[in-house]
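Protein chains in written order, with our numbering: chain U, 1209 to 1480; chain X, 10 to 366.
The C-beta atom is built at its ideal place from N, Cα and C for all residues, glycine as well.
In this text the structure is predicted, and so the values were computed from the model without any measurement.
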Amino acid sequence: MNRYFAIFLTFARACLVRDMTFRANFILECVTSLGWMSMNLAFYLLVFTFTPEIGKGTGWSKEPFFAFVATGMIINAIVQAFFMPSAEELTEMVRTGGLDAVLVQPLDAQFLLSMHRVDFSALANGLVGVGLLAWAVPRMDYAPPPVAWLLYPLLIICGVAILYGFVIMLAAATILMGRNQSLYDFWFYITNFSRYPAEIYSGPWGSPLRMLCTFVIPILLVVNVPARVIAQPFTGQTWIGVAAAVIAAVAALVVSRIVFQRALAAYRSASS
Amino acid sequence: MIFPYTLLMHNSDPSVAAAVSDPVICVEGLAKEYRVFDKPEGLAASVRALFHRTSRVVEAVKGVNLTVGRGEFVALLGPNGAGKTTLLKLLSGIVTPSRGTARVLGHVPWERADDFRRRFALVMGQRNQLWWDLPAAESFRLHQEIYRLEPARFERTRDELVDMLGVRRLILQPVRELSLGERMKLELVAALLHEPEVLFLDEPTIGLDVVAQHTIHDFLRGVQSRRQMTVVLTTHYMKDVAALCERVVVITRGDILYDGSLAEIVDRFTTHKIVTLELDEVPDKATIERFGFPCECRGPQVIMRIDRNRIAEVLPEILGSAGIRDVSVEDVPLEEIVAELFRSDAREAAASAGAAS
């Protein structure tokens, strides 16, 4: 484990050195990313000038909702910083045969393929998320109990694990298909669902969608469960959510691992 | 030139015999098939192909048997698409075979055991394995972590390798700024840092200038003999083969056509020697006809192809002719022999395909 951590640090160091080499690009990425987030926040502020709460009786008033948004920012920043850059590069690696070099190294291929690139500019979003959380939580009507603060980081990790599982399954699909740009687009669409409180999915269309995104593709558990723990009073439903998030995280990791190993066994390699 | 021999040969060359005594690579009936989907031409056909695709099976490697001993330097030769690189990919565990068995250093390659992967290296001339935007020194450091190399040993090996190739000043320069030859030298350093017992080289000198090719030949020869490393090389350059390999395995259409020593390939597959005469002056037609062999003239130089069995008999006669300044007797160039070997096989394939239809 220490060795893997040391290798990850070497990757991270190399990425940082590279980012420093292209300083203007790095700064531009940070600015673009922060700009996009600021626009999102401005949009939510605008929404709250028209309504005190998102969905009547849902408890998602302005400050709890910003805690929700902050949680989403933190989780997405972790995934975007540590896993997505490598996964995005995989299509090219499969198409050009670059994956061959990975497979001959005495290291877990999944680790190497999913963590060899770190996008430090994405971490800037995470820092903004932490700042937003620090701003929103003290202003809420509800003070989270100590158990909420204990569960919150654990559930953040579960959320990251669920998304990581999806990333790995997309990577496996890339290996099998050779190219799968559309699936990465699908990833973008599906993670969009996780950005909003589950309560907005109600009614004849919303409820089935909520079921689908909770039990089949458990994307709604990613942000909703940790955000609810920190921003809403504990109920029986909260604990069900916590259990579901942990189970979904373990399942995502196990299933994605199996799928990925099978994909590697079927790897065809590109012609030289 | 048509070879008067059966092409598939098993031979008793000492290097092949040595393979049996200390085998490092053992391959039996190894085959790899790919399903290839046909891409029809035109819009309408493409739309139809969305619903109904036609496919066929391509046999990249067809039941190959091969044994390589410790310390051997083996060249895999073959035309493009013969299955050389696929065989290397099977031996290094990148792809899984359709059937057959293989053991490299006692391991089944496609099980990808870490203990196996720590003991071999693969260098592909057409692919870059170093970090593109960073100096090679950074990639070497990563290599140290991945292969768990003890720092003192790592530094000693790295220094030794970079000095042998004369690339010390390049290791701190971003890889993207280096020439192809410089990059290939650094790729070789990276591949050899963990002192592999088996090295697979896939066209390591492709696109390199003569000086870089020579440097790499000297380097590989030195490292291989010092470490008793087993090397399997695919190449299209006969200079690589002549400089490095004692044993040659010729692969065409996924199958082994010849497996034996380099010297024997020349002996078996050539019926002629090339005799070059330097004359005092440009010869006239009568002079040329007097030699009695088909000749090619380049100014005062006359090049003749003479039956090997008749060389001893006819050479004194030729040398007795007036006006000869210099003479050389050489084997047919290796490129020519191998090219003819490939062409003969292609003709055989076409003939058998014709007979089948």
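Cβ of residue i within 8 Å of any chain U Cβ
i	result
X/Gly-102	yes
X/Glu-154	yes
X/Val-347	no
X/Asp-47	no
X/Lys-98	yes
X/Tyr-43	yes
X/Asp-218	no
X/Arg-352	no
X/Thr-105	yes
C-alpha gap between residue i and residue j, whole angstroms
i	j	result
U/Ser-1410	U/Ala-1342	30 Å
U/Pro-1434	X/Val-132	47 Å
X/Ala-358	X/Gln-135	29 Å
U/Val-1211	U/Ala-1275	Note on residue identity: the sequence assigns Arg, not Val, to residue 1211 of chain U. C-alpha separation (whole angstroms): 36 Å.
X/Leu-217	U/Leu-1359	59 Å
X/Val-171	X/Asn-137	18 Å
X/Gly-102	X/Gly-115	13 Å
X/Trp-141	X/Arg-185	5 Å
X/Ala-27	X/Arg-256	Confidence at X/Ala-27 is low in this model, with a pLDDT of 45, below 50, so its placement is unreliable and no value can be given for it.
X/Asp-47	U/Leu-1378	25 Å
X/Val-347	X/Asp-264	15 Å
X/Val-258	X/Leu-143	38 Å
X/Phe-278	X/Trp-119	36 Å
X/Glu-147	X/Glu-159	16 Å
U/Phe-1328	U/Ala-1220	9 Å
X/Phe-125	X/Gln-233	19 Å
X/Asp-268	X/Pro-88	16 Å
U/Leu-1335	U/Met-1245	12 Å
X/Val-311	X/Val-284	8 Å
Residue-level contact to chain X via CB, residue i, 8 Å cutoff
i	result
U/Ala-1473	yes
U/Pro-1293	no
U/Gln-1313	yes
U/Ile-1438	no
U/Ala-1232	no
U/Gly-1305	yes
U/Arg-1476	yes
U/Asp-1308	yes
U/Ile-1215	yes
Endpoints, beta strand (DSSP E) assigned at residue i
i	result
U/Gln-1445	Premise fails: U/Gln-1445 lies in the alpha helix (DSSP H), 1444–1473, not in any beta strand (DSSP E).
X/Tyr-43	32–46
X/Met-313	310–316
U/Met-1301	Premise fails: U/Met-1301 lies in the alpha helix (DSSP H), 1292–1304, not in any beta strand (DSSP E).
U/Arg-1347	Taken as a continuous stretch (DSSP letters only), U/Arg-1347 belongs to no beta strand (DSSP E), as it is neither H nor E.
CB of residue i within 8 Å of CB of residue j, strictly
i	j	result
U/Val-1368	U/Ile-1235	no
U/Gln-1318	U/Arg-1436	no
U/Ala-1289	U/Ala-1222	no
X/Val-73	X/Val-104	no
X/Cys-306	X/Ile-297	yes
U/Thr-1279	U/Val-1431	yes
U/Leu-1200	U/Arg-1418	The structure shown does not extend to residue 1200 of chain U, since chain U spans only 1209 to 1480, so no value can be given for it.
U/Leu-1311	X/Arg-121	yes
X/Lys-294	X/Ile-320	no
U/Met-1292	U/Val-1375	yes
X/Pro-309	X/Glu-290	yes
DSSP-derived helix/strand/coil call for residue i
i	result
U/Gln-1227	Contrary to the premise, residue 1227 of chain U reads as Asp rather than Gln in this sequence. Three-state DSSP puts U/Asp-1227 in a helix.
U/Val-1255	helix
X/Cys-304	strand
X/Thr-224	helix
X/Glu-287	strand
X/Ser-361	helix
U/Gly-1411	helix
X/Leu-143	coil
U/Phe-1401	helix
U/Met-1385	helix
X/Asp-168	helix
X/Met-238	coil
X/Tyr-246	coil
X/Tyr-267	strand
X/His-61	coil
Contact with chain C by residue i, beta-carbon distance below 8 Å
i	result
U/Val-1225	In the structure shown, chain C does not exist; the protein chains are U and X.
First through last residue of the alpha helix (DSSP H) which encompasses residue i
i	result
X/Lys-276	One point to set straight first is that residue 276 of chain X is Asp, not Lys, in the sequence displayed. Its alpha helix (DSSP H) spans residues 271–278.
U/Asn-1432	1428–1439
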